[in-house]
Amino acid sequence: MDNQQATLELGTKPVGRLLMQYALPAIVAMVAASLYNMVDRIFIGRGVGSTAIAGLAITFPFMNLSAAFGAAIGVGSSTFISVKLGQRDYGIANKVLGNCVMLNIIVGIVFGGLCLLFLDPILRFFGASEESLPFARDYMQIILLGNAFTHLYFGLNAVLRSASKPRHAMYATIFTVVLNTILDPLFIYGLDFGIRGAAFATVLSQIIALSWQWKLFSNKEELLHFDYSLFRINKPIVKNIIGIGMSPFAMNSCACLVVIFINNSLMKYGGDLAVGAYGIAQGVGFVFVMITMGINQGMQPIAGYNFGAQNYDRLRQVVKIAMICATAVCTFGFLIAMFAAYPCARLFTQDESLISIAETAIRMMMMMFPIVGFQIVVTNFFQSTGKAKVSMFLSLSRQLLFLVPALAIFSRIWGLWGVWIAMPFSDALATVVAAVMMKKSSVWKK
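Using our numbering, the letters of the sequence shown map in sequence onto residues 864 to 1309.
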């Protein structure tokens, strides 16, 4: 089947089979991506120590901020491309691809360079203690040096899904996970690089996967391919990319802000062990969130195409199926958290004090997971249909409007318990808001 026919199927093939076709590779890729992060944490926790896990947790705001810029470009570009493919405007779709490449390179270099200049004060602001700072610094120096490659890798993977190549995006992600898993023990233990070894393994894996992606898009016979004459900034296209990508940008930027609040609150009321426990709990919850994101990524090109083609019945159908699947996945995550928190925590460390705190963190952070899947799909629905402002508001509601005030109030009342309680509380309120916005959606009523 040629690429054009595969793209046209987005508007004709049965929606359930189409979602499975696109979502399964994305889910495999997202599970692989979550394992990618878990592997680093497991090797670092068991091979370097519990303080190193706290140091790694301190870097989460960096990862969120970097992901914010990456999502603004990658998600914005891929969604824009999906809509243009639905309208059969292939020339503009290729121009968007060229701008995606240039924006990722520029933002990756500028972001990485600026953060390296002010690394220590930034890490202290993020909540690093004198004990965890050296670990966080060693890890982030390597990650930031490879930042442009990382941005481009994730950006092109998002575009691959919009170009009707979800399996290729899956292959790239699986490859990076497998290679990272092989390189982690080699660099951390064999070459005695410590936490720097995990960072080297991450960046090198992404660079090798990026070279394969580049080769795929260099094929002129593909519907969507590199035209080097289009590798220049086009202001109207950039405006559209950023406009669509502002919602995931806001979501990840707020996640950065929230993690800073959480880290500082945990340091104040629980010290490095509490920060490390938060890192472990995030690693566990991340698996189920990433599966849900895989469902969303499978939904996105189908929703974007049918929105562009004004096939609103198919649009509603794919969103409903995505909601059911996401709810099932997150409910399973909730059950794991409630009944298997101890073995999950023990994967990362043998420190019983850390395991005890991590058990509580896992259960509290995943308490509202049965309804979180619905909220994530609704946010992605508005993003996929170009409703950037609504999607941004829903992203902000959970993190900025609800979680930050809850953290400030609850931690003063209940200390460390207040930090944990704030997370399920904000999840519940954000889901209610998402349900109200979905019910009022004009696209949903057409």
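Virtual Cβ for every residue (Gly too), placed ideally from N, Cα, C.
Query raised in the report: Taking the alpha carbon of residue 1123 as the point to measure from, which residue in 887, 921 and 913 has its own alpha carbon closest?
Result: 921
Requested in this report: Check whether the Cβ atoms of residue 1238 and residue 1191 sit closer than 8 angstroms, and answer yes or no.
Outcome: no
Query - residue 1223 - containing alpha helix (DSSP H), residue span - result: 1215-1228
Report task. Measure the C-alpha to C-alpha separation of residue 1051 and residue 1226 and round it to an integer number of angstroms. Result -> The alpha-carbon atoms of residue 1051 and residue 1226 are separated by roughly 31 angstroms.
Query raised in the report: Rounded to a whole number of angstroms, what is the C-alpha to C-alpha distance between residue 1172 and residue 897?
Result: 34 angstroms
Query raised in the report: Considering only the beta carbon of each residue, do residue 1061 and residue 1214 sit closer than 8 angstroms?
Result: no
Query raised in the report: What is the DSSP secondary structure of residue 1083, counted as helix, strand or coil?
Result: coil
Query - Where residue 1266 sits in the DSSP three-state scheme - result: helix
Report task. Kindly indicate which residue of 1147, 1199 and 1248 has the alpha-carbon position closest to the one of residue 1159. Result -> When only C-alpha atoms are compared, the closest one is 1248.
Query raised in the report: Taking one C-beta from the region 1126-1143 and one from the region 1272-1285 each time, how about it: are there three or more such pairs within less than 8 angstroms?
Result: yes
Requested in this report: Measure the C-alpha to C-alpha separation of residue 1292 and residue 970 and round it to an integer number of angstroms.
Outcome: 34 angstroms
**Report entry** At least 3 beta-carbon pairs within less than 8 angstroms: the region 1252-1264 vs the region 1101-1117
**Finding:** yes
Query raised in the report: If you drop the 5 nearest sequence neighbours on each side, which residues of the same chain put their C-beta closer than 7 angstroms to that of residue 1010?
Result: 929, 971, 974 and 975
Requested in this report: Report buried or exposed for residue 1269, applying the criterion of at least 16 other Cβ atoms within 10 angstroms of its Cβ.
Outcome: Buried, by the Cβ-count rule.
Query raised in the report: Does the region 1197-1212 touch the region 1142-1149, meaning 3 or more C-beta pairs lie closer than 8 angstroms?
Result: Taking 8 angstroms as the limit for Cβ pairs, the verdict is that the region 1197-1212 does touch the region 1142-1149.
Query raised in the report: With C-beta atoms as the reference, is residue 845 less than 8 angstroms away from residue 1138?
Result: The structure shown has nothing for residue 845, since the chain only spans 864 to 1309.
Query raised in the report: Is it buried or exposed for residue 1082, if we count other Cβ within 10 angstroms and need 16 for buried?
Result: exposed
Requested in this report: With a threshold of 16 other CB atoms inside 10 Å of the CB of residue 864, please say whether the residue is buried or exposed.
Outcome: Confidence at residue 864 is low in this model, with a pLDDT of 45, below 50, so the placement of that residue should be treated as unreliable; the coordinate-derived value is given next. With fewer than 16 Cβ atoms within 10 Å of its Cβ, residue 864 is classed as exposed.
Query raised in the report: Are the CB atoms of residue 1241 and residue 1300 nearer to each other than 8 angstroms?
Result: yes
Query raised in the report: For residue 1222, does the count of other Cβ atoms within 10 angstroms reach 16, so buried, or fall short, so exposed?
Result: buried
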